[in-house]
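Chemist:
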Ligand SMILES: [Zn+2]
């Protein structure tokens, strides 16, 4: 088997691993590059060897694992795309929203003339996303599946790994008795996530591809509820509002769960408006309710996630919200403030020291969120410099990613030691730290591949 690392090999985005196995080319994940401009520019490159993939398997719906699929389809690619049922449902929301954002960005750049290109074009359109969605084939997790077509001699198994609704590790088993077995972790979730069950043990693997987002650190034991309670009460006591830039899928639902519990327990005022200003988060919340059986929380709590929450639907309502002087808690996307409605709220709230902006997850280097969390005193939004006088902080306890210890514990549950392990999906320091731990603690043969590198495995 050969593996070509075409993304998430020198960072956490653009997950794309092209596997050649028994004469068939399979692409594991088809992710969008995000963060640094240097990385984002790769989204515009020709698909090159990705065109040759005969099938695609997507580990989970996050855009850094799935968001380039419509671009590949725009370049003419057609073939089956295997996903879990939860991932299929979330992709309907995420890919269409991503296409919408791409179209909006291009429109805005043309309107305000801040594109350096002659005429800004979207990376892909809604039509491309719809075409990509028509290629999805849902495979139930937990048992080996024999696909049709090019992969008909292989088997595929999805193993739930927490992290996000539908997220799974992928096992690709080559044909024949001596066929090798590759396990790709996707993104591994936490042992004690608020919404998702703990990751299930991975299959036995000859070759392992493991993520390393938090490969160099253990999460602080942060009591998210208490921290949010403190921030909310202090901020509204001073007449300010709390803005939670949040990933619309997964994180928004976890934050709603915490805020609902705080309200029910009387730890934050019952009158305090909780506002959900993200059409995508609203759709995702409906999907989390629909898939309540796959969650860790009791069904009635899952069904009540949005009870009493003020739902903003139109852009005009969203703009009016920002002008309001009533203290409130606003959840809005995107989570790294790279786009979406949260930008209008940031523009309005950042210059005023009464407000508090709380980022609730990992911020990719180079993103606006990373700059704000890093303490920058002004940020550029829609081509305009905005001073930062509001308090900016970050919650760590809601991370959807296993930390160093949890990743090692997950790998240690493999039924036999892999012959080769490749550490992917981490900033260089995190990937290398996890490589050392795997070598020293587990005694496995392990390395960190470079972007574009091809290995025999
Ligand atoms: Zn993910």
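In my numbering, the protein residues as written are 2 to 458.
We put the CB at the ideal spot given by N, CA and C, even for glycine.
Keep in mind that this is a model prediction, so the values were computed, not measured.
Please return the same chain residues whose Cβ sits closer than 6 Å to the Cβ of residue 200, not counting the five positions on each side in sequence.
Modeler: 162, 163, 189, 190, 411.
Chemist: Between residue 279 and residue 333, which are expected to be in contact by the criterion C-beta below 8 Å, what is the C-beta distance as a whole number of angstroms?
Modeler: 5 Å
Chemist: Suppose you measure from the CA of residue 377 to the CA of residue 389; what does that come to, to the nearest Å?
Modeler: 7 Å
Chemist: Output the residues surrounding ligand 1, defined as those with a CB atom closer than 5 Å to any ligand heavy atom, in chain order.
Modeler: 63, 188
Chemist: Which residue marks the beginning of the beta strand (DSSP E) containing residue 169, and which one marks its end?
Modeler: Membership of residue 169 in the beta strand (DSSP E) is indicated by the continuous run 169-174.
Chemist: Mapping the DSSP letters down to three states, classify residue 49 as helix, strand or coil.
Modeler: DSSP places residue 49 in the helix class (H, G or I) of the three-state scheme.
Chemist: Going by DSSP, which residues form a beta bridge with residue 381?
Modeler: 386
Chemist: If you reduce the DSSP assignment to three classes, tell me which class residue 418 lands in.
Modeler: coil
Chemist: Between the alpha carbons of residue 21 and residue 59, how many angstroms are there, rounded?
Modeler: Each residue's alpha carbon lies about 16 Å from the other.
Chemist: Give the range of the beta strand (DSSP E) segment to which residue 278 is assigned.
Modeler: 275-278
Chemist: According to DSSP, is residue 409 helix, strand or coil?
Modeler: helix
Chemist: Let me know if residue 78 comes out buried or exposed under the rule of 16 or more other beta-carbons within 10 Å of its beta-carbon.
Modeler: buried
Chemist: Roughly how many angstroms lie between the CA atoms of residue 261 and residue 318, to the nearest whole one?
Modeler: 23 Å
Chemist: To the nearest angstrom, report how far apart residue 324 and residue 242 are at their CA atoms.
Modeler: 12 Å
Chemist: Alpha carbon to alpha carbon, how far is residue 165 from residue 287?
Modeler: Rounded to the nearest angstrom, the gap between the Cα atoms of residue 165 and residue 287 is 14 Å.
Chemist: Look up residue 156 in the DSSP assignment and give the residues it is bridged to.
Modeler: 174
Chemist: Check whether the region 2-22 touches the region 30-41, taking contact to mean three or more Cβ pairs, one atom from each stretch, closer than 8 Å.
Modeler: yes
Chemist: Using three-state DSSP, classify residue 335 as helix, strand or coil.
Modeler: coil
Chemist: Roughly how many angstroms lie between the CA atoms of residue 110 and residue 302, to the nearest whole one?
Modeler: 42 Å
Chemist: Identify whether residue 394 lies in helix, strand or coil by the three-state DSSP scheme.
Modeler: strand
Chemist: What first and last residue would you give for the alpha helix (DSSP H) that runs through residue 73?
Modeler: 70-75
Chemist: My output table needs one value for residue 313: the three-state DSSP class, helix, strand or coil.
Modeler: coil
Chemist: The beta strand (DSSP E) with residue 3 in it runs from where to where?
Modeler: Taken as a continuous stretch (DSSP letters only), the beta strand (DSSP E) holding residue 3 covers 3-8.
Chemist: Can you give me the C-alpha to C-alpha distance between residue 160 and residue 177, rounded to a whole angstrom?
Modeler: 22 Å
Chemist: Beta carbon of residue 135, beta carbon of residue 96: below 8 Å?
Modeler: no
Chemist: Does the beta-carbon distance from residue 92 to residue 62 come in below 8 Å?
Modeler: yes
Chemist: Does the region 383-403 come within contact of the region 344-352, defined as at least 3 CB pairs closer than 8 Å?
Modeler: yes
Chemist: Note down the Cα distance separating residue 198 from residue 437, rounded to an integer number of angstroms.
Modeler: Cα-Cα distance, rounded: 28 Å.
Chemist: What are the boundary residues of the beta strand (DSSP E) that includes residue 457?
Modeler: 455-457
Chemist: In the DSSP output, what is residue 26 paired with across the bridge?
Modeler: 21
Chemist: Looking only at DSSP bridge pairs, what is residue 223 linked to?
Modeler: According to DSSP, which records beta bridges pairwise, residue 223 is partnered with nothing at all.
Chemist: In angstroms with no decimal places, state the Cα-to-Cα distance between residue 51 and residue 454.
Modeler: 14 Å
Chemist: Under 8 Å between the Cβ atoms of residue 306 and residue 254?
Modeler: With respect to residue 254, residue 306 sits close: the two C-beta atoms are nearer than 8 Å.
Chemist: Excluding sequence positions up to five away, which residues of its chain have a Cβ less than 6 Å from the Cβ of residue 416?
Modeler: 205
Chemist: What span of residues does the alpha helix (DSSP H) with residue 58 cover, start to end?
Modeler: Element bounds for residue 58: not the alpha helix (DSSP H) but the beta strand (DSSP E), 56-58.
Chemist: According to DSSP, which residues form a beta bridge with residue 209?
Modeler: 184, 422
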